[in-house]
Amino acid sequence: MRWGAGSVSGDMTRTAVLALLARRGPLSRAQIADALEMSPATITQSTKHLLAEGLLVQEAPRPSPAGRPSIPLSLVAGSAHAVGVQVAHEHVTGVISRLDTEVVHSFRQDFDPAAPQALATLTALIRAEIDELERRGLPLSGVGVAVPGIVDPETGTLRMSVRLGWTGLPLAAHLRAALGVPVFVDNDISAVTAAERLYGPGADEADFLLAAVGQGIGLGMVLDGAPYRGAAGAAGEFGHMPVQTDGPLCVCGNRGCLESLVSTEALLHNARTAGVIGDDADLDDLAAAARTGRRAAVDLLETAGTLLGRALAGVINLLGPRSVIVIGEITALWDQLDAPLRRVLLEHLLPAVRETRIDVRPWDDELIAVSAARVVLGAPLAAPRQKS
């Protein structure tokens with residue numbers, strides 16, 4: 397694993413150690429040093445503190461090819477927990493995750509961000525999760541909240557969320573004061589990207605992109621081992637790339653954005669309007685219509701795959717990542733989108749980046765909430781301390 401230039405301090409070393417053990421299980425100090433490309437002395441010092449804090453435990457010595465037995469270190473799974481919450485425009489999803497990233501409790505609740513008591517409702521839902529931890533006698537490290545929109549990474553203030561209808565909301569400061577615990581607020585796709593960097597296959601890559609395509613569209617970026625957020629924390633608004641002149645009106649107020657044409661919301665709307673599927677039909681029904689050869693469904697998804705491929709080609713040519721991870725509800729349609737998307741990539745990618753992998757992940761409704769919890773467990777690499 398290679399970290400961004402100048403990124404590894406003592407606190408960050410301990411985070412890297414904990415994330416590595418959560419991913420791979422028990423490892424010796426030498427194996428940890430080798431995997432993280434750090435000196436044995438640095439790892440020895442870091443693990444000494446983690447053992448003293450009760451976050452790690454030494455296992456029984458194992459035979460080693462070098463002759464001297466190695467002593468594996470493993471996580472004490474229940475020594476730390478985090479609450480992770482995803483706030484969406486129709487629901488709130490929450491989880492409690494252990495240090496080893498195992499989810500021990502979860503919930504999903506209908507939510508109306510436009511309601512007068514929306515913030516009080518959100519606070520109460522998170523409070524209920526904290527109370528659940530206290531009831532079980534489990535230690536809490538903090539709360540991670542993932543929201544759609546532009547978040548100031550320094551303060552956790554939600555600058556703008558078109559989908560929630562919230563603007564200039566100091567969400568982290570409010571929740572911190574109301575709950576009395578550490579709270580970290582981040583953009584939803586940034587949270588997933590940060591968690592992937594620490595706990596997923598992306599941990600082994602210095603340059604990758606994470607494209608999330610669902611009701612909205614966003615892009616997370618890890619470049620040279622470090623997350624890239626842009627000067628104002630607004631990088632990654634992939635869904636608002638213009639892809640069609642005089643296209644449909646987007647929720648952002650502009651026309652022809654990728655999101656207005658390729659989001660699952662847009663695809664379902666267009667399919668229903670064209671009579672391809674019924675008003676109550678879902679993405680599986682749209683996929684089935686395309687599989688059975690309904691021309692309108694095939695054409696709709698062919699166009700969507702082409703537009704998404706063209707947008708990805710531009711980003712890949714610009715940034716040159718090793719891989720692009722695709723997540724979101726759109727994966728239910730991937731059998732129909734894959735061929736046109738890859739055809740466009742082949743046509744438009746420069747030779748130097750044609751080996752970029754497209755890694756499509758099955759969608760999990762709890763992924764964003766789980767990632768928000770992992771961001772807290774992975775602080776400070778994933779969640780720098782936010783100022784009030």
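Using the numbering used here, the first residue of the sequence shown is number 397, and each one after it goes up by one. Note that the Cβ used here is the ideal one computed from N, Cα and C, for glycine as well. Every value quoted in this text rests on a predicted model; they were computed, and no experiment measured them.
Where do the ends of the beta strand (DSSP E) carrying residue 506 lie?
Run containing residue 506: 499 to 506, per the beta strand (DSSP E) assignment.
Ignore the nearest five residues each way along the sequence and tell me which others in residue 566's own chain have a CB closer than 6 Å to its CB.
Result list for residue 566: 553, in chain order.
Report the three-state DSSP secondary structure of residue 556 (helix, strand or coil).
In this structure, residue 556 counts as strand in the three-state DSSP scheme.
Is any non-hydrogen atom of the ligand PLP found closer than 6 Å to the C-beta of residue 615, if you look at the structure I gave you?
The ligand PLP is not among the ligands present in this structure, which contains no ligands whatsoever.
Am I right that residue 644 and residue 656 are in contact with their C-beta atoms under 8 Å? What's the rounded C-beta distance?
With a Cβ gap of about 5 Å, residue 644 and residue 656 count as contacting.
Of the residues 702, 482, 476, which one's Cα is nearest the Cα of residue 494?
The residue with the shortest Cα to Cα distance from residue 494 is 476.
Nearest by alpha-carbon distance to residue 581: which of 601, 551, 504 is it?
The candidate whose alpha carbon is nearest that of residue 581 is 551.
Would you report the Cα separation of residue 437 and residue 484, rounded to the nearest angstrom?
Between residue 437 and residue 484, the C-alpha separation is close to 45 Å.
Are residue 588 and residue 467 touching if we call contact CB-CB under 7 Å?
Contact flag unset, no.
How many Å lie between residue 450 and residue 472 at the Cα?
Approximately 7 Å, taken between the alpha carbons.
Classify residue 730 as helix, strand or coil using the three-state DSSP reduction.
It is helical.
If we call anything under 7 Å between Cβ atoms a contact, is residue 487 one with residue 508?
Against a cut-off of 7 Å, the Cβ pair of residue 508 and residue 487 comes out as no contact.
Using beta-carbon positions only, say whether residue 610 and residue 762 come within less than 7 Å of one another.
No, Cβ-Cβ distance for residue 610 and residue 762 is not below 7 Å.
Just how far apart, CA to CA, sit residue 417 and residue 616?
Answer to the nearest angstrom: the Cα atoms are 24 Å apart.
What does the alpha-carbon distance come out to for the pair residue 676 and residue 738?
The alpha-carbon atoms of residue 676 and residue 738 are separated by roughly 31 Å.
Classify residue 747: buried if its beta carbon has 16 or more other beta carbons within 10 angstroms, exposed otherwise.
Result: exposed.
Between residue 573 and residue 545, what straight-line distance do the alpha-carbon atoms span, to the nearest angstrom?
For residue 573 and residue 545, the distance between alpha carbons rounds to 22 Å.
Okay, do the region 725 to 736 and the region 673 to 693 touch, 3+ Cβ pairs below 8 Å being the bar?
Flag = yes, the region 725 to 736 and the region 673 to 693 touch.
Please list the terminal residues of the continuous alpha helix (DSSP H) segment that includes residue 705.
691 to 715 is the span of the alpha helix (DSSP H), which, as asked, contains residue 705.
For residue 713 and residue 745, I'd like the C-alpha separation in whole angstroms.
Straight-line Cα distance between these residues: approximately 6 Å.
Out of 456, 413, 561, 523, point me to the one whose CA is closest to residue 444's CA.
Among 456, 413, 561, 523, the Cα nearest to that of residue 444 belongs to 413.
Please state if the CB of residue 415 and the CB of residue 710 are separated by a distance shorter than 7 Å.
It is not a contact, given that the beta carbons lie outside the stated cut-off.
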